[in-house]
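In terms of the working numbering, the sequence shown opens at residue 27 and continues consecutively. We put the CB at the ideal spot given by N, CA and C, even for glycine. Heads up: the structure comes next, in structure tokens.
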Amino acid sequence: MLISQARAASTPGQQAENAPQPIASGDALRIAMPAFASNPFFPADGSGDDGIDMELAHGIAAALGVEPVFDRSAATFDDIVSQVSSGQADMAIGKLSRTLQRGRSIIYSRPYAMLRQGLIANRLNLARIAQGKPAEQIVRDFSGDLGVIEGSSFATYAATTFPHAQIHRLASWDLIIDAIRNGTIDMAYRDDFEIKKLMVDDPSMTVVARSIT
């Protein structure tokens, strides 16, 4: 969860001019959230109000005594950060990770979920690359095709975490899963919660892929 960060001012006049406005605008709290789903945190736009982040957003609005107004137009995680930093939204919530770039324009709340990084690999491709070596050893110097979601923190960190990999930025998690299935990419980089959830929700993935967490 995050809110906009007021620009620092060097003089009393500038400080007054740039003083932060109340978080809630009038009788509404404008909340940016991605259009896509990330269960159990939030559903897709138009699919109801179930989810951990939805409940948290409603609770914050209730505590402020205002109505929550959700903007679900964002196509990526970075887009909801931009909505807050530009003043289009009062706050954003939606399984956001911290990055230095985001922290330049917004303020994060205290984390309410801590998720580890993880990888999912196409089994055949991994076996070809590994040639009998442990998967963990391959990861350290991975130079194959790596998929990440465009506009996510993993897209930001991929180049430094895997400097030798060929980075493929795809528009959605579903497209990345398809690419893992058909072997278009060797591995995908996301949090281990989503990877483990995928394996449980779709057991057929265990035939073509394996997790590395």
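Under a three-way DSSP split, which group does residue i fall into?
i	result
I175	strand
G85	helix
R98	strand
F188	coil
F68	strand
M140	coil
A61	coil
A115	coil
S237	strand
L126	helix
By alpha-carbon positions, which one of the options ends up nearest to residue i?
i	options	result
S99	P66, A87, G120 and G173	G120
S114	L122, R124, V95 and S123	Ser is not the amino acid found at residue 114; the sequence shown has Gln there. Looking at the Cα atoms, V95 is the closest of the given residues.
L150	R236, V110 and S131	R236
V233	L141, N148, L201 and Q192	N148
S230	S131, I206 and M213	I206
S131	A185, D104, R142 and Y138	D104
R2	L224, M213, G209 and P137	Outside the displayed range of the chain (27 to 239) lies residue 2, so it cannot be described from this structure.
G129	A161, S111 and I202	S111
One question on the structure: do residue i and residue j come within less than 7 Å of each other, judged by their Cβ atoms?
i	j	result
A156	A58	no
D76	F67	no
I211	I146	no
L152	G173	no
D204	G144	no
L122	V92	no
W199	I164	no
S73	T125	no
S169	H194	no
P69	A61	no
T102	G177	yes
From which residue to which residue does the beta strand (DSSP E) around residue i run?
i	result
R207	Note, R207: premise wrong, no beta strand (DSSP E); alpha helix (DSSP H) at W199 to N208.
Q143	Q143 to N148
D217	M213 to D217
Could you spell out the range, first to last residue, of the alpha helix (DSSP H) harbouring residue i?
i	result
A161	A161 to R166
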